[in-house]
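Data block below; observations after.
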Amino acid sequence: MMRLERLRADHAPALLVFEKENREYFAQSIPDRGDAYFVEFTARHRALLAEQAIGLCHFHVIVDVEGALLGRVNLVDVKDGAAELGYRIGERAAGRGVATAAVEEVCRLAAAPYGLASLVAVTTLDNHASQAVLERNGFTLVEDISVGGRPGVKYRRRLAATR
């Protein structure tokens, strides 16, 4: 079992550990964040919370029943009823349905209470697991793109408002 928690200031220590522990694992399928990300982590975390407070983004961590951080799922660049979905699942939780469940939940949140009408998501062409997660959650392929200099694909999902 897992649950999403809206990103808070007190998530910072666990999130930093999560990102460091999974850095090499993530770099196998997505562009690396670079050393500056870790050096500037505290200031960046504060900046993300400020963006979230004014509605530009919706950040979430994924935790298990014991409260251990399994991943993150975010909606960024919120504008005109749309946002970009991004997610990353730690190596120890990979392949257990966590990404599929987290994306499903954030899509529900995106429609209501966040009031979004559509989401886009991008992934590298060789990240078949991410593509499968998106397709299982109703995203459709819309175009080939470049992701950090690597061949990639862009997906879109229209959301049905729930009230």
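Going by UniProt numbering, 101 is the number at position 101 of the sequence shown; the sequence numbering is gapless. C-beta atoms are modelled at their ideal positions from N, C-alpha and C, and glycine is treated no differently.
- Comparing alpha-carbon positions, the option among E5, P151, L56 and A36 lying closest to G67 turns out to be E5.
- Taking C-beta atoms under 8 Å as the contact rule, L48 and F59 qualify, at a distance of about 6 Å.
- In terms of Cβ geometry, V61 and A102 do not form a close pair [threshold 7 Å].
- Counting C-beta pairs with one atom in each stretch, the segment 89-98 and the segment 116-124 have fewer than three that are closer than 8 Å, which means they do not touch.
- Three or more beta-carbon pairs separated by less than 8 Å link the segment 29-46 to the segment 5-16, which places the two stretches in contact.
- A residue is called buried when at least 16 other Cβ atoms come within 10 angstroms of its Cβ; M2 meets this threshold and is buried.
- For V98, same chain residues with a beta-carbon under 8 Å away, outside a window of 5 residues either side, are M2, I62, L70, G71 and I89 in chain order.
- Every alpha helix (DSSP H) stretch that sits fully inside the UniProt domain "N-acetyltransferase" (2-160) and reaches 4 residues is listed by chain position as 12-21, 23-27, 35-39, 41-53, 98-111 and 128-136.
- Taking V76 as the centre and dropping the five residues before and after it, the same chain places the C-beta of C57, A83, E84 and G86 closer than 7 Å to its C-beta, in chain order.
- Put simply, the backbone Cα of G138 is about 30 Å away from that of H45.
- With 16 or more other CB atoms across the displayed protein chains lying within 10 angstroms of its CB, A111 is buried.
- Counting of Cβ neighbours within 10 angstroms places H11 among the buried residues, the total reaching 16 or more.
- The beta carbons of G152 and L134 sit about 12 Å from each other, so the pair does not count as a contact at 8 Å.
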